[in-house]
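**Q**
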Amino acid sequence: MKFKRSKTGPARSTAGDTAVFMILIIVGLFMLLPFVYAIIQSLKPTEEIFAYPPKFFVRNPTFDNYKTLSQLVDSLWIPFGRYFINSAVVTVVGTGANLLFSSMAAFAFAKYNFPGNKWMFSLVVAALLFSGTVTALPQYIIMSGLGLINTLYSLIIPAAATPLGLFLMKNFMVQIPDTVIEAATIDGAGILKIYYRVCMPLVKPAALTLVIFSFQGLWNSTGGSYIYEEAWKLLPTVLNDVASAGIARVGSASAASVLMMLPPCALFIFTQSRIVETMAFSGIKG
Amino acid sequence: MKDNNRLLSRMFKYKECYLLVAPFYIIFSIFVIAPIAIAIFFGFTDFNMLEPPEFIGLSNYLTLFFEDDVFLVAVRNTLIFAVITGPVSYFSCLLFAWLINELPRGLRSVMTFVFYAPSMSGMLYVIWAYIFSGDMYGLLNQILMSFGFVKDPVQWLTNTETMLGCIIIVQIWMSLGTSFLAFIAGLQNVDRSLYEAGAVDGIRNRIQELVYITLPSMGPQLLFSAVMQISAAFSVSSVCMTLAGFPSTDNAALTVATHAYDFGMIRFEMGYACAVTTVLFIAMMAVNKWIQKIISKYADV
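Line by line, the protein sequences are chains Y and U.
According to my numbering, the stretch in the first sequence is residues 1 to 286, in order.
According to my numbering, the stretch in the second sequence is residues 287 to 587, in order.
1. Exposed or buried, which one is U/Gly488 when buried takes at least 16 other CB atoms within 10 Å?
2. Helix, strand or coil for Y/Thr91 per DSSP?
3. In the DSSP assignment, what are the bridge partners of U/Asp332?
4. What is the rounded straight-line gap between the Cα of Y/Asn86 and the Cα of U/Leu450?
5. Between which two residues does the alpha helix (DSSP H) holding Y/Lys118 run?
6. Taking just the CA atoms, how far does U/Ser378 sit from U/Gly372?
7. Taking the alpha-carbon positions, what's the Y/Thr18 to U/Tyr481 distance?
8. Report yes if the CB atom of Y/Phe115 is closer than 7 Å to the CB atom of U/Arg296, and no otherwise.
9. I think Y/Pro34 touches U/Ile413, with their Cβ atoms under 8 Å apart; what is that distance to the nearest whole Å?
10. With 7 Å set as the bound, which would you pick, yes or no: does the beta-carbon of Y/Val93 sit closer than that to a beta-carbon of chain U?
11. Taking only beta-carbon positions, decide if U/Lys583 is within less than 7 Å of chain Y.
12. Could you check if Y/Gln175 is buried or exposed, using at least 16 other CB atoms within 10 Å of its CB as the buried criterion?
13. Run through chain U and tell me which residues come within less than 7 Å of Y/Asn171, C-beta to C-beta.
14. Spatial neighbours of U/Val522 within its chain, please: C-beta separation below 7 Å, excluding the five flanking residues on both sides.
15. For Y/Lys2, is the classification buried or exposed, using 16 other Cβ atoms within 10 angstroms of its Cβ as the cut-off for buried?
16. Taking the alpha-carbon positions, what's the Y/Met120 to Y/Ala231 distance?
17. Given this structure, state the Cα-to-Cα distance separating U/Met551 from U/Ala561, to the nearest angstrom.
18. Would you verify that the beta carbon of U/Gly441 is, or is not, closer than 7 Å to some beta carbon of chain Y?
19. Here's the rule: buried if 16 or more other CB atoms are within 10 angstroms of the residue's CB, otherwise exposed. What is U/Arg490?
20. Quick check on Y/Gly283 - is its C-beta less than 7 Å from some C-beta in chain U?
21. For Y/Ser6, which residues from the same chain have a beta carbon less than 7 Å from its beta carbon, with the 5 sequence-adjacent residues on both sides left out?
22. For Y/Glu287 and Y/Trp77, I'd like the C-alpha separation in whole angstroms.
23. For Y/Leu208 versus Y/Thr271, is the C-beta distance shorter than 7 Å?
24. Between Y/Phe213 and U/Thr464, which are expected to be in contact by the criterion C-beta below 8 Å, what is the C-beta distance as a whole number of angstroms?
25. Taking beta-carbon pairs under 7 Å, can you tell me which members of the region 537–550 of chain U lie near chain Y?
26. Where do the ends of the alpha helix (DSSP H) carrying U/Pro309 lie?
27. Considering only residues of the same chain and omitting the five flanking positions on each side of U/Gly329, which have a CB-CB separation below 7 Å?
28. With a threshold of 6 Å on Cβ separation, who are the neighbours of Y/Ser282 within its own chain once the five nearest residues in sequence on each side are excluded?
29. Quick check on DSSP: helix, strand or coil for Y/Ile157?
30. Can you give the Cα-Cα distance for Y/Ile284 and U/Pro506, rounded to whole angstroms?
31. Among Y/Met173, Y/Ser252, Y/Ser102, which has the Cα closest to the Cα of Y/Pro201?
32. Quick check: the region 184–203 of chain Y against the region 66–76 of chain Y, are at least 3 beta-carbon pairs closer than 8 Å?
33. Can you find a C-beta in chain Y that's less than 7 Å from the C-beta of U/Met571?
34. Could you compute how far the alpha carbon of Y/Met261 sits from the alpha carbon of Y/Phe215?
35. Let's see if you can read the secondary structure: which residues bound the alpha helix (DSSP H) around U/Tyr558?
Right under this line is the structure:
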């Protein structure tokens with residue numbers, strides 16, 4: 001059963017509820033502003049985008065920018081669907097593998113004190129703190145040494161084991177009471193079975209959060225410095241190329257960025273509804 | 287010998303753990319640890335990316351601390367930046383996640399979406415360039431001028447006095463991502479029966495509930511977000527370069543991370559760039575140690 005805290009919770013006042021609501025509305029509008037601005041920009045005809053004085057709202061909304069974008073995309077040398085499939089494969093496979101590998105490792109790190117646990121995990125945290133730019137070159141050397149340049153593997157394989165994913169999952173798994181694991185062990189379940197039968201259902205909110213992070217990162221990935229062959233390029237690269245050519249395409253660029261946002265938004269809404277559902281039926285019992 | 291046997295038998299007892307960790311750790315070692323190790327090694331070499339690296343000991347580090355004046359500017363900016371954005375975004379993530387968690391179910395999902403929206407598209411912050419734009423198209427200038435607050439357009443992103451401030455605002459706006467969602471998920475993980483027990487024990491309002499029940503049982507999430515914020519606040523680079531241009535006026539938006547980018551990607555002095563990054567890394571590790579200590583005093587981790 002859903003526990004309606006804001007109505008029946010023990011320590012709630014109406015004044016407090018109202019204050020919470022007001023703060024959230026005001027800040028929420030601020031957060032949404034650039035998001036809304038992007039959508040409005042994409043609906044503006046070219047003369048309005050460059051109108052002076054600039055107006056925030058659109059006067060004569062039009063889908064011209066989207067039409068132009070689709071024409072630009074149709075005239076590409078390689079069918080557009082190809083890029084979409086490249087991005088979709090990288091995103092889906094990478095996210096799935098990341099969820100599986102990160103959560104498996106996280107479970108061992110969180111619940112079993114095996115030799116090497118401590119230092120292996122602290123390396124993962126250290127990796128989170130090393131800032132990116134200079135590792136690009138060694139990464140490239142390794143990629144090309146393994147012959148992964150110009151393949152989608154160059155994006156999928158590294159995405160399958162992210163320090164962020166492991167760190168997130170581990171921090172949620174340590175909250176599972178040891179008694180739950182012990183009870184399952186006494187019932188004769190092995191570590192692998194406890195992992196997928198007991199542990200994973202209990203950390204669903206974290207798992208879905210990881211899916212969002214991973215999906216979003218990979219979907220917006222441009223392929224970095226690993227993909228040069230036209231046939232393996234990803235969606236964001238191609239849309240950038242198409243939309244950034246010339247000032248007349250500013251509108252199409254906004255249209256492209258709005259369209260790119262749709263899949264992560266859809267996924268986000270879907271997972272959020274799942275999170276609420278899960279927690280309503282099976283909270284972690286301490 | 288006996289110790290070795292004991293270790294081996296303990297490892298054997300946990301053999302399934304190694305099986306669970308293996309796929310992650312193999313990939314992680316090859317694609318994350320190895321590049322970092324190589325980069326740290328480059329820090330002790332003179333390496334222009336064309337000729338093989340030449341070992342020069344600590345000379346990069348000596349240059350960095352004693353001769354590179356621009357580095358000190360970068361350190362100063364990074365510190366200002368990190369000291370403001372780190373805590374502000376950490377606590378606002380926590381605050382908003384908590385406030386949103388107070389809402390009834392349907393509204394909660396909507397508000398989570400609204401607050402997470404900035405993180406939804408990786409490049410959406412480019413929009414801020416339009417808002418802060420210094421010419422007549424800039425939205426902020428337009429608004430300020432129409433109300434008569436300023437007479438001439440302000441060069442938000444090229445003026446050394448306003449540049450860092452603008453970037454800080456954008457970074458904070460963007461940073462309600464990873465930590466925010468982790469907090470949201472963490473709040474949903476808190477055992478509901480603790481709240482009922484708390485009410486019996488005389489918790490009177492929601493602030494007390496937050497301080498005495500919610501936060502102490504969210505230790506792992508607090509820790510997670512701290513690491514993510516440290517890593518974001520100290521290594522900010524792409525926002526700076528996109529908004530303020532690169533190089534920025536008088537290096538007012540130069541951070542340690544963009545300094546490393548400058549040497550690595552533009553001047554091809556990879557060895558030096560790696561030394562800069564290594565110094566940043568050590569600083570971040572130290573801050574992380576310190577923050578972890580504070581958090582573990584307060585909550586179970």
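Glycine included, C-beta positions come from ideal geometry on N, C-alpha and C.
Quick caveat, the model's predicted, so the values are computed rather than measured.
**A** Let's see:
1. Classification for U/Gly488: exposed.
2. In the structure shown, Y/Thr91 sits in a helix (DSSP, three-state: H, G or I).
3. Paired residues: U/Glu340.
4. Answer to the nearest angstrom: the Cα atoms are 38 Å apart.
5. 117–128 is the span of the alpha helix (DSSP H), which, as asked, contains Y/Lys118.
6. Within the model, the alpha-carbon separation for U/Gly372 versus U/Ser378 is close to 10 Å.
7. Computed Cα separation, rounded: 21 Å.
8. The question names Phe, but residue 115 of chain Y is Pro in the sequence shown. Going by C-beta atoms, Y/Pro115 is nearer than 7 Å to U/Arg296.
9. About 4 Å separates the Cβ atoms of Y/Pro34 and U/Ile413, confirming a contact at the 8 Å cut-off.
10. Closer than 7 Å: no.
11. No, its Cβ sits nowhere closer than 7 Å to a Cβ of chain Y.
12. That one is buried.
13. Ordered by position in chain U, the residues that pass the 7 Å Cβ test against Y/Asn171 are Pro506, Gln507, Leu509, Phe510.
14. Counting only Cβ-Cβ distances below 7 Å, and skipping sequence neighbours, we find Phe367, Gln457, Thr541, Ala543.
15. Unreliable placement is indicated for Y/Lys2, whose pLDDT of 40 sits below 50; the coordinate value is still reported in the next sentence. Counting every other CB atom within 10 Å of its CB across the protein chains shown gives Y/Lys2 a total below 16, marking it as exposed.
16. Their Cα atoms are separated by approximately 38 Å.
17. Their Cα atoms are separated by approximately 14 Å.
18. Residue identity differs from the one stated: residue 441 of chain U is Gln in this sequence, not Gly. No, its Cβ sits nowhere closer than 7 Å to a Cβ of chain Y.
19. It counts as exposed.
20. Low per-residue confidence applies at Y/Gly283: pLDDT is 45, beneath 50, and the placement is therefore not dependable enough to give any value.
21. Caution is warranted here: a pLDDT of 41 is assigned to Y/Ser6, below 50, making its placement in the model unreliable, and the coordinate value is therefore given only provisionally. Close CB contacts of Y/Ser6 within its chain, under the 7 Å cut and outside five residues either way in sequence, are with Arg12, Asp17 (chain order).
22. Not covered by the structure: residue 287 of chain Y. The range shown for chain Y is 1 to 286.
23. Yes, the Cβ-Cβ distance between Y/Leu208 and Y/Thr271 is below 7 Å.
24. Y/Phe213 to U/Thr464, Cβ: 7 Å. Contact.
25. Along the region 537–550 of chain U, the positions whose C-beta sits under 7 Å from a C-beta of chain Y are Ala543, Ala546, Tyr547, Gly550, read in chain order.
26. First-last of the alpha helix (DSSP H) with U/Pro309: 301–314.
27. Once the five neighbours on either side are set aside, the close Cβ partners of U/Gly329 are Asn346, Gly557, Cys560, Ala561, Thr564.
28. Reliability fails at Y/Ser282, whose pLDDT of 44 lies under 50, so the model's placement of it is uncertain and no value is given.
29. Note: Y/Ile157 maps to helix in three-state DSSP.
30. Residue placement at Y/Ile284 is flagged as unreliable, the pLDDT there being 47, under the threshold of 50; the coordinate-derived value follows with that caveat. If you take the alpha carbons of Y/Ile284 and U/Pro506, they lie about 15 Å apart.
31. Among Y/Met173, Y/Ser252, Y/Ser102, the Cα nearest to that of Y/Pro201 is on Y/Met173.
32. Judged by Cβ distances under 8 Å, the region 66–76 of chain Y makes no contact with the region 184–203 of chain Y, as fewer than three pairs qualify.
33. Yes, contact with chain Y.
34. Taking the CA atoms as reference points, Y/Met261 sits about 12 Å from Y/Phe215.
35. DSSP places U/Tyr558 in the uninterrupted alpha helix (DSSP H) bounded by 556–584.
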